[in-house]
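These notes are about the structure you will find just below.
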Amino acid sequence: MPTQQGSPTVRRLRLGQELRFLRERRKLTGARAARDLGWSASKVSRIEAAKTMPSADDIKAMAKLYRVDGDKLDELVGLLRDAEQRGWWEDYEDSLPEEYTRFLGLEAEATYQRNWEPQAVPGLLQTEDYAREVILATRGIARITHSGVRSRVEARLDRQKRVLHRSDPCRMSVVLDEAALMRRFGEPAVMREQMEHLLEISLLPHVSVHVLPLDALHPVNTGAFIHLKFTAFDDVVYLEQLYTAHFVDDLERVAGYELAFDHIRSEALDVDESRVLIQRKAMLWRR
Numbered sequence: 010m011p012t013q014q015g016s017p018t019v020r021r022l023r024l025g026q027e028l029r030f031l032r033e034r035r036k037l038t039g040a041r042a043a044r045d046l047g048w049s050a051s052k053v054s055r056i057e058a059a060k061t062m063p064s065a066d067d068i069k070a071m072a073k074l075y076r077v078d079g080d081k082l083d084e085l086v087g088l089l090r091d092a093e094q095r096g097w098w099e100d101y102e103d104s105l106p107e108e109y110t111r112f113l114g115l116e117a118e119a120t121y122q123r124n125w126e127p128q129a130v131p132g133l134l135q136t137e138d139y140a141r142e143v144i145l146a147t148r149g150i151a152r153i154t155h156s157g158v159r160s161r162v163e164a165r166l167d168r169q170k171r172v173l174h175r176s177d178p179c180r181m182s183v184v185l186d187e188a189a190l191m192r193r194f195g196e197p198a199v200m201r202e203q204m205e206h207l208l209e210i211s212l213l214p215h216v217s218v219h220v221l222p223l224d225a226l227h228p229v230n231t232g233a234f235i236h237l238k239f240t241a242f243d244d245v246v247y248l249e250q251l252y253t254a255h256f257v258d259d260l261e262r263v264a265g266y267e268l269a270f271d272h273i274r275s276e277a278l279d280v281d282e283s284r285v286l287i288q289r290k291a292m293l294w295r296r
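Going by the working numbering, the first residue of the sequence shown is number 10, and it counts up by one from there.
This is the structure in structure tokens:
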């Protein structure tokens, strides 16, 4: 599925949101709707949370209960049809964590991405060799097989092609801690190539790369996060940890992450100063 045609992950979430809105507009609880439909309450809940895909008959039954027909019913059926398509990331789902594949599905339709990374160059900006070394660094802990490493590297490169180099790329703002440019993954040649690649990517018109220098004030003590913005969907923040990952979609907390990113970026170097610093790091890795 080409990313410019939309993401089935987002369509599933939008479908669930629409169904919940229609139910609430009729002032029905989930339990009451389930009883009237002859379903379990968990089925209604899972459909609305996009954890279960409804059938076309399910959509029609819910639409009838919520007194929806005509154009609105056509819209719901259209969302269902789009939600049933496969996303490119599903080719790698056997080797990628479930929450990460969900993130890829959301990212495919994001219009703006804001990324704070204090430890490593973000995956979208990594070279193939650097990506491999980053994945290998956790292999002994996460127990990733040789084929799993290969599949994850391929998925990362595929993600770059589909997000950074698609015909309608989302805007991307990245803030890197200077330490991420100094922490070695692989041989010095791998790091040098990564720094040079980072410089090239920073020249793309839809990408801005900022570096937070080590001697700058650090206004927010937080780990890495990615803030995704959409045109017809609420913002989402993605947090990844060693064994788990989760999403923040509470509006107040998402706003807090947005404020945190603005604080961090305000202390970082501007894009031109950041390129100068990255160039200096590339020269250091030549030694």
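For every residue, glycine included, the Cβ atom is placed at its ideal position computed from N, Cα and C.
Note that the structure is a prediction, hence the values are computed from the model and not measured.
Suppose you measure from the CA of residue i to the CA of residue j; what does that come to, to the nearest Å?
i           : j           : result
residue 213 : residue 30  : 40 angstroms
residue 1   : residue 42  : What is shown of the chain runs 10 to 296, which leaves residue 1 out entirely.
residue 190 : residue 138 : 15 angstroms
residue 252 : residue 161 : 16 angstroms
residue 284 : residue 207 : 9 angstroms
residue 84  : residue 57  : 16 angstroms
residue 118 : residue 16  : 6 angstroms
residue 10  : residue 167 : At residue 10, the pLDDT of 32 sits below 50, so the modelled position is not reliable; the number obtained from the coordinates is stated separately. Near 13 angstroms, if we compare the C-alpha coordinates of residue 167 and residue 10.
residue 99  : residue 175 : 18 angstroms
residue 288 : residue 101 : 34 angstroms
residue 32  : residue 81  : 14 angstroms
residue 111 : residue 223 : 34 angstroms
residue 204 : residue 155 : 26 angstroms
residue 227 : residue 126 : 13 angstroms
residue 152 : residue 281 : 40 angstroms
residue 67  : residue 34  : 18 angstroms
residue 240 : residue 260 : 15 angstroms
residue 169 : residue 60  : 27 angstroms
residue 180 : residue 235 : 13 angstroms
residue 140 : residue 132 : 7 angstroms
residue 120 : residue 242 : 10 angstroms
residue 48  : residue 40  : 9 angstroms
residue 108 : residue 115 : 11 angstroms
residue 274 : residue 124 : 10 angstroms
residue 62  : residue 97  : 19 angstroms
residue 277 : residue 232 : 16 angstroms
residue 26  : residue 50  : 16 angstroms
residue 77  : residue 150 : 51 angstroms
residue 36  : residue 202 : 59 angstroms
residue 70  : residue 64  : 10 angstroms
residue 267 : residue 52  : 34 angstroms
residue 279 : residue 87  : 44 angstroms
residue 269 : residue 262 : 10 angstroms
Compare the C-alpha of residue i against each of the options and name the closest.
i           : options               : result
residue 38  : 150, 75 and 59        : 75
residue 28  : 16, 89, 47 and 144    : 89
residue 24  : 54, 117 and 215       : 54
residue 265 : 66, 253, 294 and 245  : 245
residue 148 : 104, 282 and 187      : 104
residue 256 : 51, 35 and 113        : 113
residue 237 : 77, 172 and 276       : 172
residue 198 : 220, 239 and 291      : 291
residue 188 : 181, 182 and 200      : 200
residue 229 : 272, 192 and 99       : 272
residue 177 : 150, 215, 286 and 141 : 215
residue 182 : 72, 62, 192 and 219   : 219
residue 192 : 44, 63, 78 and 294    : 294
residue 225 : 186, 280 and 262      : 186
residue 72  : 46, 240, 61 and 50    : 46
residue 158 : 169, 170 and 142      : 142
residue 247 : 69, 122 and 268       : 122
residue 146 : 128, 233, 211 and 106 : 128
residue 195 : 79, 144 and 249       : 144
residue 221 : 286, 263 and 262      : 286
residue 210 : 135, 263, 269 and 250 : 135
residue 250 : 263, 106 and 279      : 106
Per DSSP, which residues does residue i bridge with? Please list them.
i           : result
residue 186 : 221
Would you say the beta carbon of residue i comes nearer than 7 angstroms to a heavy atom of the ligand MN?
i           : result
residue 247 : By its list of ligands, the structure shown contains no ligand whatsoever, and the ligand MN lies outside what it can speak to.
Answer with yes or no whether the minimum CB distance from residue i to chain B is below 8 angstroms.
i          : result
residue 43 : This model lacks chain B altogether; it includes just one protein chain.
Let me know the beta strand (DSSP E) ranges lying completely inside the region 36-81, each 3 residues or longer, listed in chain order.
-> Runs found: none.
Report the residue ranges of all beta strand (DSSP E) runs contained in full by the region 92-180; include only those spanning at least 3 residues, in chain order.
-> Entirely contained in the region 92-180, the beta strand (DSSP E) runs reaching 3 residues are, in chain order, 121-126.
Given 8 angstroms as the limit, is there contact between the region 16-27 and the region 87-103, that is, 3 or more CB pairs closer than that?
-> Using a Cβ-Cβ distance cut-off of 8 angstroms, the region 16-27 and the region 87-103 are in contact, since at least three pairs of beta carbons, one from each stretch, lie closer than that value.
Taking only runs that begin and end inside the region 201-260, name each unbroken beta strand (DSSP E) of 3 or more residues, in chain order.
-> Taking 3 residues as the shortest admissible run, the region 201-260 contains the following complete beta strand (DSSP E) segments, listed from N- to C-terminal end: 216-221, 234-238, 245-249 and 254-257.
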